[in-house]
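>
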Amino acid sequence: MLKRGISLVQAAKYLQVEQSTLYMALQKGQIPTRRRNGRTVVSEGALLDYLARKQPLL
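The numbers in the numbering used here rise by one with no breaks, and the one at position 33 of the sequence shown is 224.
1) Using only alpha-carbon positions, find the residue among Ser211, Gln246, Arg225 that is nearest to Ile197.
2) Looking only at DSSP bridge pairs, what is Thr231 linked to?
3) Along the chain, where does the alpha helix (DSSP H) containing Gln210 start, and where does it finish?
4) Please report the straight-line C-alpha distance between Gly236 and Gln210, rounded to a whole angstrom.
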């Protein structure tokens, strides 16, 4: 998988959550971020990992 940085606005849309919900998850350390060219970005892998952890167990 290519490591691409996704903006926080795009990440919120991808996760189908409000930006404030995403920011809370970031503050809690649930989704790692990095800085690229002075902007905070999230990797696609980090979003997929977060979604996998959020899936209810059957």
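No residue lacks a Cβ here, since even glycine has one placed at the ideal position from N, Cα and C.
Straight from the coordinates:
1) Taking the sequence shown and counting its residues from 1, one reaches residue 197 at position 6. Residue Arg225 is the option with its Cα nearest to Ile197.
2) Working through the sequence shown from its first residue, we reach residue 231 at position 40. Note: Thr231 sits in a beta bridge opposite Arg226.
3) Position 19 of the sequence shown, counting from 1, holds the residue named residue 210. 210-218 is the span of the alpha helix (DSSP H), which, as asked, contains Gln210.
4) Position 45 of the sequence shown, counted from the start, is the residue given in the question as residue 236. Position 19 of the sequence shown, counted from the start, is the residue given in the question as residue 210. Whole-angstrom Cα-Cα distance: 19 Å.
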